[in-house]
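The structure under discussion appears below in the form of structure tokens.
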Amino acid sequence: MRPVLFLAALALSATPAAAQHWSRSWMAAPLVWTAAADKRPDLTDRTVRQVVRLSSGGVRIRLRLSNEMAVAPLTIGAVHVALAGEDGATLPGTDRVVAFNRVQGTTLSPRAPLLSDPIDLPVKPLTRLTISIHLPQGAATPTVHAYAAATNWIAPGDQTAAINLTGATTIGPRLILSAVEVETARPAPTIVTLGDSITDGVRATNDSNRRWPDLLAERFQRAGRRNVAIANAGISANRLLSEGEGYNALARFDSDVLAVPGVSHVVILEGVNDIGAATAQRRPLPSADDLIGAYRQMIARARGNGIKVILATILPYKGAGYWSAEGEAVRVAVNDWIRTTDEADGMVDLANAIADRADPARMAKPYDVGDALHPNDAGFAAMAAAFDLRLFR
702 MRPVLFLAAL ALSATPAAAQ HWSRSWMAAP LVWTAAADKR PDLTDRTVRQ
752 VVRLSSGGVR IRLRLSNEMA VAPLTIGAVH VALAGEDGAT LPGTDRVVAF
802 NRVQGTTLSP RAPLLSDPID LPVKPLTRLT ISIHLPQGAA TPTVHAYAAA
852 TNWIAPGDQT AAINLTGATT IGPRLILSAV EVETARPAPT IVTLGDSITD
902 GVRATNDSNR RWPDLLAERF QRAGRRNVAI ANAGISANRL LSEGEGYNAL
952 ARFDSDVLAV PGVSHVVILE GVNDIGAATA QRRPLPSADD LIGAYRQMIA
1002 RARGNGIKVI LATILPYKGA GYWSAEGEAV RVAVNDWIRT TDEADGMVDL
1052 ANAIADRADP ARMAKPYDVG DALHPNDAGF AAMAAAFDLR LFR
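Numbering of the sequence shown is given in our numbering, commencing with residue 702 and proceeding in unit increments.
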């Protein structure tokens, strides 16, 4: 009987715990802070407070902090998360202390992210959270996300538990916080939107959550698909092939797409900066085949990880400072391929959704923020409306 008892005990000890299904409900792709040293605020003994809006809900949450773009360790003091009030305040009674490996305070290794322990804070889709991080020793070159389309705050001392900050100043970029993930009882579809400033939401109304991925998340909620998460991996000035702002899309595909928990789909809207920057810098234009080759690489890498790929047509930009007739020919050729290829799992014709009907090389004026390149809030809404939600099954 002893062998039987031993085997039974072994089987019991090997029984897995209840499954944990994590998905990324909010994201800000990590970047090097390129601002000149004299333009960076002193972060020594400061509290950084940031407000984010989740795309999906869950029974628990966890934070992802990032030191991925730094070469030195980063000391973190207290970290708190709460439901967000107005103007950076927290809602009373919702504050939670955040632990890392079961202790408060931690040190992030160079070039590395760090996940918090799960936090018992149930959240609904589209919930706004306030996350406060104390930096007792500061951070000379913190990992950031340059364009937040939201107000962030820096306050003296450890004010992580405060409902309202005292003596706070505002700052543009996201600092250190790179993602919020939610736990659900069942696996949830997670869509990563990979792109440049148009996906990042540059020129959207600040603090309004009017980026097209935000509005797409709202569409899923209205359609009753409340468990769909959207992780925005847009980086302003990003490119497919060459370095712009941040690593090019091919280089960051592993970290910003494949490594995202729960990722099931990726929407790719990249390429206009490859074409336009070459024109502006008087360098040889990438060919349509160059850009299509990059798309094919990402399709293959995504498919190898069981991820479906949705390609988006490159938006019209005639009238922008870096437009040229030669570059337009490349854009048209790439878009023709995107519209007709069967190599991806689907496509969305975002170019057609906001194009001027009389001159499809231009963005329609009602959708143009004024620079012929970036959509305004109405343009972002038209982009979100162009998606067939059945693509994400």
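All C-beta atoms in this analysis are idealised placements derived from N, C-alpha and C, irrespective of residue type, glycine included.
Bridge partner(s) assigned by DSSP for residue i
| i | result |
| --- | --- |
| I855 | V749, T870 |
| I976 | Answer by DSSP bridge pairing: none, since I976 is not bridged. |
| P1076 | D1069 |
| V845 | L732, L876 |
| N933 | T894 |
| M1095 | Nothing can be reported for residue 1095, as the shown portion of the chain is limited to 702 through 1094. |
| S817 | DSSP lists no partner for S817. |
| A785 | T791 |
| F1088 | Answer is none; F1088 lacks a bridge partner. |
| S810 | DSSP lists no partner for S810. |
| V799 | DSSP lists no partner for V799. |
| A1056 | M1064 |
| I834 | V749, V780 |
| G945 | G947 |
| I969 | L895, L1012 |
| V961 | In DSSP, V961 forms no bridge with anything. |
| R1149 | The structure shown does not extend to residue 1149, since the chain spans only 702 to 1094, so no value can be given for it. |
| R829 | R754 |
| V824 | G759 |
| S724 | V883 |
Exposed unless 16 or more other CB atoms sit within 10 angstroms - verdict on residue i
| i | result |
| --- | --- |
| V749 | buried |
| S988 | exposed |
| R725 | buried |
| D1060 | exposed |
| A1085 | buried |
| E1027 | exposed |
| G759 | buried |
| P890 | buried |
| S810 | exposed |
| P1156 | Any answer about residue 1156 is impossible in this case: the structure gives the chain only from 702 up to 1094. |
| K740 | exposed |
| Q751 | buried |
| N939 | buried |
| T1014 | buried |
| D1043 | exposed |
Span of the alpha helix (DSSP H), counted from its first residue to its last, around residue i
| i | result |
| --- | --- |
| N907 | Note, N907: premise wrong, no alpha helix (DSSP H); not H, not E. |
| M1064 | Premise fails: M1064 is in no alpha helix (DSSP H) and is neither H nor E. |
| V1031 | 1026-1041 |
| I993 | 989-1004 |
| L951 | 950-954 |
Cα-Cα separation between residue i and residue j, rounded to whole angstroms
| i | j | result |
| --- | --- | --- |
| W1099 | R1063 | Residue 1099 falls outside the range modelled here, since the chain spans only 702 to 1094, and no answer is possible. |
| T808 | G902 | 31 Å |
| P823 | T776 | 28 Å |
| A715 | N1036 | With a pLDDT of only 36 at A715, under 50, the local geometry of the prediction cannot be trusted, and the value read off the model is given with reservation. In a straight line, the C-alpha of A715 is about 52 Å away from that of N1036. |
| L951 | A730 | 14 Å |
| P1076 | A1054 | 11 Å |
| A1073 | Y1018 | 5 Å |
| A1079 | A1087 | 12 Å |
| M999 | P857 | 44 Å |
| A930 | A840 | 31 Å |
| L986 | T791 | 49 Å |
| L1090 | F921 | 8 Å |
| Y1068 | T795 | 39 Å |
| A821 | R1032 | Correcting the residue type first, residue 821 is Asp in the shown sequence and not Ala. Roughly 48 Å separates the two Cα atoms. |
| A850 | D908 | 6 Å |
| A886 | R911 | 29 Å |
| G963 | L784 | 24 Å |
| T867 | M728 | 27 Å |
| L732 | T900 | 16 Å |
| L816 | L876 | 15 Å |
| Q805 | N853 | 23 Å |
| T870 | R904 | 22 Å |
| T861 | L992 | 45 Å |
| G786 | V881 | 18 Å |
| A1082 | D915 | 9 Å |
Residue interval of the beta strand (DSSP E) (run including residue i)
| i | result |
| --- | --- |
| A880 | 878-885 |
| L775 | 775-777 |
| R920 | Note, R920: premise wrong, no beta strand (DSSP E); alpha helix (DSSP H) at 913-923. |
| S767 | 761-767 |
Option nearest residue i by Cα separation, candidates the options
| i | options | result |
| --- | --- | --- |
| L827 | W1038, I1000, T980, A918 | A918 |
| D788 | D859, G778, I864, M770 | I864 |
| T844 | P774, T852, V798, N949 | P774 |
| W1038 | Q751, Y1068, G994 | G994 |
| D955 | A1052, R803, V893 | V893 |
| R797 | A771, E769, I834 | I834 |
| I936 | D1050, A1034, A1056, D897 | D897 |
| T745 | L764, A934, Q838, G1005 | Q838 |
| A771 | L755, V782, A813, R803 | A813 |
| R1094 | G1047, K1066, D957 | G1047 |
| W913 | N949, I976, V968, R1040 | V968 |
| L830 | K1009, D859, L836, V883 | V883 |
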